Structures are given as structure tokens and as C-alpha cells.
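**Q** One structure coming up, written as C-alpha cells, with questions to follow.
In my numbering, the protein residues as written are 1162 to 1349.
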């Protein structure tokens, strides 16, 4: 079941290999090139529920961002590390499960974090020309400029950075609902 779900998520998230190192193709179109600035300083441990259609998976996610760079770890609810991705000094490093390594662009994890949590002007600098970022209080949307103007990512949050709750909705019914661990325990 876990393998099937990981494969499903990886197929939904990426359709093609990235154009350049440090750039990720986004679900629904366009790409995002990781920004090498320090960005905001934060560290968070979250309970993240990933959904795709009727499939669901719960992970613990640790995200850290500081002057050295950005680090993302996905773990089982018991704390076993499943994946680790870092973007430090312009270098992307990834340790992914074998079933995901050939299907998933590891730059997508730090890209989603930067799009959701970094200042809007830094995010806009990483977007491909066909995308626009619409930044509103407690919400961001990435939209295709041409054609239908559809949102390809809808990101909303509660609280201050690193956010008590973060929701990301992408095409094909993919959703991520992450809560800071203290808040996740209170919600039970």
C-alpha cells in the first residue's frame, strides 16, 4: 500500500524531468527554480497528510531553513526517515526511496516549501515566465498567465511562519494538509 501510494504521488507530482538542475516542474504546468538566498529562518516538525484521490498517507515532516540552506525530511509516524532533501549553497542533495528516486524530481520538495513560505518577491524570481504568483493574506495561488488562467497551486495557512497549519491543493486531486506537531496533537 505504501509503495503504491508513493508511486501515485510521484506520478501526480512530476510528468517530466526538470529543465535545469535546481529547477522543478510543477504539477499543472510551469516550473520553479530554487532560490539561493537565506530566506526566512524557521524550523518545524509537522504531521502531514498527503491525499491523492481516495489514497491517504500520514507522514511526519521536518523542515528547516537557515543561513546554510533548506532541509526537508519525510518520516513515518514512528520517526523512521523515508526521504531527505536539502538545498544548500546552490547544491541539491536527495536521499529518496528506490521506488521514488527515478520518478520524482527531488527539487519539488524544497520548491513547494519556498513557494509556500518564502517572501513573495523571492518566489516570483524563481517562477517560469508563464506563471504568476497571487499573494493574499494567508493564501498564495500560482496561476498560468495564458489560456484558462487556472490555478495550479492553491496554498493557504494559519498562524505565523512556520505556520500552525498549511494546506496545498494541486491538480488531479492532490492535497497536502500539514499541522505543526503541537497543533496536530491538539486536533485529535
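For glycine and all other residues, C-beta sits at the position ideal for the given N, C-alpha and C. Here the structure is a predicted model, which is why all the values come from computation and not from measurement.
According to DSSP, what are the bridge partners of residue 1309?
**A** Paired residues: none, contrary to the question.
**Q** For residue 1253, collect the residues of the same chain with a Cβ closer than 6 Å to its Cβ; drop the 5 residues on either side in sequence, then sort them by chain order.
**A** Cβ neighbours of residue 1253 beyond the five flanking positions: 1183 and 1268.
**Q** Quick check on the DSSP output: the beta strand (DSSP E) that includes residue 1287 runs from which residue to which?
**A** It is not in any beta strand (DSSP E) - residue 1287 instead sits in the alpha helix (DSSP H) that spans 1281-1287.
**Q** To which residues does DSSP link residue 1149 through a beta bridge?
**A** With the chain covering 1162 to 1349 only, the question about residue 1149 has no answer from this structure.
**Q** Where DSSP assigns a beta bridge to residue 1303, which residues make up the other side?
**A** Note: residue 1303 sits in a beta bridge opposite 1294 and 1314.
**Q** Answer yes if the segment 1184-1196 comes into contact with the segment 1321-1329, meaning at least three C-beta pairs across the two stretches below 8 Å, and no otherwise.
**A** In short, these stretches do not touch, since the Cβ pair count stays below three.
**Q** Under three-state DSSP, which class holds residue 1333?
**A** Correct three-state label for residue 1333: helix.
**Q** Can you say whether residue 1222 is buried or exposed, counting buried as having 16 or more other CB atoms within 10 angstroms of its CB?
**A** Counting Cβ neighbours within 10 Å, residue 1222 comes out buried, since at least 16 surround it.
**Q** According to DSSP, is residue 1234 part of a helix, a strand, or is it coil?
**A** Three-state DSSP puts residue 1234 in a strand.
**Q** Could you name the residues of the same chain whose beta carbon sits closer than 8 Å to that of residue 1237, not counting the 5 residues immediately before and after it, in chain order?
**A** Correct list, in chain order: 1220, 1221 and 1243.
**Q** Rounded to the nearest angstrom, what separates residue 1295 and residue 1304 at their Cα positions?
**A** Looking at the two C-alpha atoms, the distance is approximately 8 Å.
**Q** Who are the Cβ neighbours of residue 1225 in its own chain at under 6 Å, not counting the five residues just before and after it?
**A** Same-chain partners within the cutoff: 1204 and 1232.
**Q** What are the start and end residues of each continuous alpha helix (DSSP H) run of 4 or more residues lying completely inside the segment 1232-1279, in chain order?
**A** Counting whole runs of 4 or more residues, the segment 1232-1279 contains the alpha helix (DSSP H) stretches 1259-1262 and 1269-1278.
**Q** According to DSSP, simplified to helix, strand and coil, what is residue 1185?
**A** Three-state DSSP puts residue 1185 in a strand.
**Q** When you compare only the Cα positions, how much space is there between residue 1281 and residue 1289?
**A** Each residue's Cα considered, the two are about 14 Å apart.
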